Amino acid sequence: MQVFKLVFKVLKKNLGTVVMYGCIFFTTIMLITSFGDTSDEYTSTKIDVAIRDLDNTSASRQLVDWVSENHNIVDADFEDEDELLAKMYFNFCDYAITINEGFEEKLAGGNTEDLFTVSKRPNGYSYGTIYFESQLNSIVSDANAYVAGGMTADEALQKTVEVLNSKTEISFIEEKEDSAAGIYFNYMAYILLVMNITVMSTILLVVFKKDITARTYCSSFSQLKYILQTIGAVSIISVGFWVILVLGSLCFDSSALSSTVGLLMVCNSFVFLICSVEIAVIVSLLVKSSMAVSAISNIVSLGMAFLCGVFVPQSVLSDGVLSVGRFFPAYWYIKAVDSINGWHGSTYNITEITKAIGIEAFFVVALMAVILVIVRSKRTQKSL
Amino acid sequence: MSTPVVKIENLVKRYKELIALDHFSLEIEEGEVFGLLGPNGSGKTTTINCLLSLLSYDKGNIEIFGSKMTPNNYEVKNNIGVVMQNVAVFDELTVYENIDYFCGLYVFDKAERKKLVEEAIEFVGLGEFRKFYPKKLSGGLLRRLNIACGIAHKPKLIIFDEPTVAVDPQSRNKILEGIEKLNKDGATVIYTSHYMEEVEQICTRIAIMDKGKCRAIGTNAELRKLIHNTETVTVEIAKPSDDDMSEISNLPHVYETEYSDGKLVVKYSGGKHNLIRLMNLLSEKQYSMGRVFSELPTLNDVFLEITGTALRDSEQ
């Protein structure tokens, strides 16, 4: 079992990388599942407003009432400008507004000039203040329109405020909630690729280094044993990684694996595991140094993750990206994950799931064929 | 007559149009240190690779220990040790683990292997470095580790393919001493190199290879006898006149004279007292002489005469 043990010794040397990727993966999933929960309710933005009504008419009071209903009123001494500015500077107040005398009269006459005097924070605008200003402008222009239509200023302002206060109920298109285990299996595509390419390719590169292989083939240790022991060790390691990752899903959802959905995701990830190991073998056959493995690992795994919808849902990817992504197994893995979870417009459909996993299995065969072609071509080159 | 350890008959190896080995034949007897001498591209490594079944060949036959060498002849392979031109060890394993791994490809018994690994470590003098990783070793120590990995299982036939390339003189001597010791302990050695001094120093028989052919084969002394030159005398002297040069050329056994850079070079083929006769003639002509050298032919002279180019020149 010399070669078998050797593979594990080489793995031991690369264990740091495995642990690093594992930690990053688990932390990322934890962050996504903890903070990624989006609510389906909206709340209006409220800012802190100081208001002074110098007009004190029915119309101006309606405006004061509207402001107090929709924003937070703060007390301020408008006579002491320094204090007002200090309040704004220290974020106790976002906006100060004085309703000037003659507000109602001007509004009734269709004059919208100098209705208010405003003080803003000296260090500029916030999203909230811009929104508030836009609301004020809207009130003035709408009220002006109603006045032009024959209403009194008081009626116009009442109507405007009424319209402004009316709310539209918004409901989301039916979208199934993203389960933690589902998210976990979704991102597993990336981690399987990056870990297998980085670790397996490095191991294979070491074990099948040209001079070492020559020395081994000179010995009384058979070539078949050499290859079989390497395949055996690499298979155990990759399946070991996969089992740890699959069991890791239980940390996020203890019942993740006990349902049909869980079993389908396990099955899907296993087929993808074989694909990723085969990709790692191809990389090890084409690359000459472990430095290059690291670069290729990132290019392949990140490239596939972005093109195939690991990081961004397939439903929001452009047709062009998706048509390229189709040529990679990760696309079909994610397609199966979406279908299993009923995400992103997909519905749980066993035919679709089987089809996606079946195409992944086809990739397993195709990648194996590529490996055999490369090995054969390398042998021919060697014998030349 | 005993069976030769290695028997190569009419070996032909082609790389498309290039003939790397052209009807190459060789026999190596037990206990020999056999040198394969030739410039880069002469076919030394190809011969070794064919011998070890790492390369297939187009024609010919190879027998080792009387048995036809094939990729699956593990019985024969068990008795062969190989020290490759490039250092072939694992950077991920320590010195001890490396030797243990390669020894383990031949010896499966753990206790026996442990003993053999310890002996190999002691043999190459890496005792204090056993826990070192190869990246921490100097070039010379790395070469010694490479040798230890090839000989730990105590093979009967050891093949050294240019083991001293890029090695400092001290480590080179240590390696050459080690090879002589292995031979004294009973191993038959095949040693390929393009360093003639090394081949002259340790090899009992030498084959000169050039362009895939065996140009000459024999002991050091036998090879020297194959060539015309038996002695070269060099004298630091002012340029002799044409008449005097002609007189020197007519001395007995002289076959070539040349004057350049203040040196008169006279080459002899056979004969005795050649130096005295030349000195007498030059004294008689009242030439004042500087240093005088008399050299016996070297392997380079042998190579030069047999292949038409000096070994060093053909390296470039």
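Protein sequence lines, in the order shown, are assigned to chains S and Y.
Using the numbering used here, the first residue of the first sequence is number 1, and each one after it goes up by one.
Using the numbering used here, the first residue of the second sequence is number 1001, and each one after it goes up by one.
Glycine included, every Cβ here is placed at the ideal spot set by N, Cα and C.
Predicted model, so just to flag it, every value in this text is computed and none were measured.
Item                                                                                                                                                                           : Value
Identify the contact partners of Q2 of chain S in chain Y, using a Cβ-Cβ distance below 8 Å as the criterion.                                                                  : Y1101, G1104 and L1105
Provide the residue(s) that pair with F1034 of chain Y in DSSP beta bridges, ordered along the chain.                                                                          : Y:I1190 and Y:R1205
In the DSSP output, which residue or residues are listed as bridge partners for C275 of chain S?                                                                               : DSSP output for C275 of chain S lists no bridge partner at all.
Any idea if T351 of chain S is buried or exposed, counting beta-carbon neighbours within 10 angstroms, 16 or more meaning buried?                                              : exposed
Report the option in S:N165, S:F306 and S:S126 whose CA atom is closest to the CA atom of S138 of chain S.                                                                     : S:N165
Against chain Y, which members of the segment 211-236 of chain S pass a CB distance test of less than 8 Å?                                                                     : D211, I212, A214, R215, T216, Y217, C218, S219, S220, F221, S222 and Q223
Counting only Cβ-Cβ distances shorter than 8 Å, please list the residues of the segment 1060-1082 of chain Y near chain S, keeping chain order.                                : P1071, N1072, Y1074, E1075, K1077, N1078, I1080 and V1082
Any residues in the segment 3-18 of chain S with a beta carbon nearer than 9 Å to a beta carbon of chain Y? Which ones, in chain order?                                        : V3, K5, L6, K9, V10, K12, K13 and N14
Ordered along the chain, which non-local residues of its own chain (more than five positions away) have a Cβ less than 7 Å from that of S238 of chain S?                       : N196, M200, L273 and V277
If you measure from the beta carbon of V206 of chain S to each beta carbon in chain Y, is any gap under 8 Å?                                                                   : yes
At a cut of 8 Å, does the segment 1143-1153 of chain Y reach the segment 1096-1110 of chain Y through at least three beta carbon pairs?                                        : yes
Helix, strand or coil: which one does DSSP assign to E1122 of chain Y?                                                                                                         : helix
Give, in chain order, every unbroken run of the alpha helix (DSSP H) that is at least 4 residues long and sits entirely within the segment 1036-1099 of chain Y.               : 1044-1051 and 1074-1077
Whose C-alpha, out of S:A233, S:V118, S:T198 and S:Y217, is nearest the C-alpha of N1072 of chain Y?                                                                           : S:Y217
Determine, for M1356 of chain Y, whether the minimum Cβ-Cβ distance to residues of chain S falls below 8 Å.                                                                    : What is shown of chain Y runs 1001 to 1316, which leaves residue 1356 of chain Y out entirely.
Return the bridge partner residues of D1161 of chain Y from the DSSP annotation.                                                                                               : Y:T1192
Put C93 of chain S into one of helix, strand or coil per three-state DSSP.                                                                                                     : coil
Taking 8 Å as the cut-off, decide whether the C-beta atoms of A280 of chain S and F8 of chain S are in contact.                                                                : no
Report the CB separation of V1235 of chain Y from M1289 of chain Y in whole angstroms; it is logged as a contact under 8 Å.                                                    : 6 Å
Flag E1092 of chain Y as yes if its beta-carbon sits less than 8 Å from any beta-carbon of chain S, otherwise no.                                                              : yes
May I have the straight-line CA-CA distance separating Y1195 of chain Y from I1248 of chain Y, to the nearest angstrom?                                                        : 34 Å
What did DSSP end up calling K120 of chain S once you bin it into helix, strand or coil?                                                                                       : strand
Spatial neighbours of K1016 of chain Y within its chain, please: CB distance less than 6 Å, with the 5 preceding and 5 following residues excluded, ordered by chain position. : none
Please list the residues of the segment 1019-1047 of chain Y that have a C-beta atom closer than 8 Å to any C-beta atom in chain S, keeping them in chain order.               : none
Assuming I1175 of chain Y contacts T1164 of chain Y (C-beta within less than 8 Å), just tell me the rounded distance between them.                                             : 6 Å
Cutting at 8 Å between CB atoms, please list the residues of its own chain near R1312 of chain Y, excluding the five before and the five after it.                             : The pLDDT assigned to R1312 of chain Y is 48, lower than 50, so where the model puts this residue is not dependable; a value taken from the coordinates is nonetheless given after this. Closer than 8 Å at the Cβ level, and outside the excluded window around R1312 of chain Y, lie N1300.
Restricting to Cα atoms, I'd like to know which of S:S34, S:V19 and S:I334 is closest to I357 of chain S.                                                                      : S:I334
Closer than 8 Å, CB to CB, is A1152 of chain Y near chain S or not?                                                                                                            : no
What first and last residue would you give for the alpha helix (DSSP H) that runs through S1025 of chain Y?                                                                    : No alpha helix (DSSP H) holds S1025 of chain Y; the beta strand (DSSP E) holding it covers L1018 to I1028.
Counting only the same chain and skipping the five closest in sequence on each side, list residues whose C-beta sits under 8 Å from that of S383 of chain S.                   : Residue placement at S383 of chain S is poorly supported in this model, since its pLDDT is 48, which falls under 50; the coordinates are not used for a value here.
Is the segment 84-101 of chain S touching the segment 20-33 of chain S, taking contact as three or more C-beta pairs under 8 Å?                                                : no
State the beta-bridge partners of A50 of chain S as determined by DSSP.                                                                                                        : S:A96
In the structure shown, what three-state DSSP assignment does E1236 of chain Y receive?                                                                                        : strand
Would you report the Cα separation of I353 of chain S and S259 of chain S, rounded to the nearest angstrom?                                                                    : 15 Å
Report the rounded CA-to-CA distance for K1044 of chain Y versus I191 of chain S, giving the unit in angstroms.                                                                : 48 Å
Under a Cβ-count criterion, where at least 16 other Cβ atoms within 10 Å of its own Cβ denotes burial, should K1061 of chain Y be classed as buried or exposed?                : Note that residue 1061 of chain Y is Asn in the sequence shown here, rather than Lys. The residue in question, N1061 of chain Y, is exposed, as its Cβ has fewer than 16 Cβ neighbours within 10 Å.
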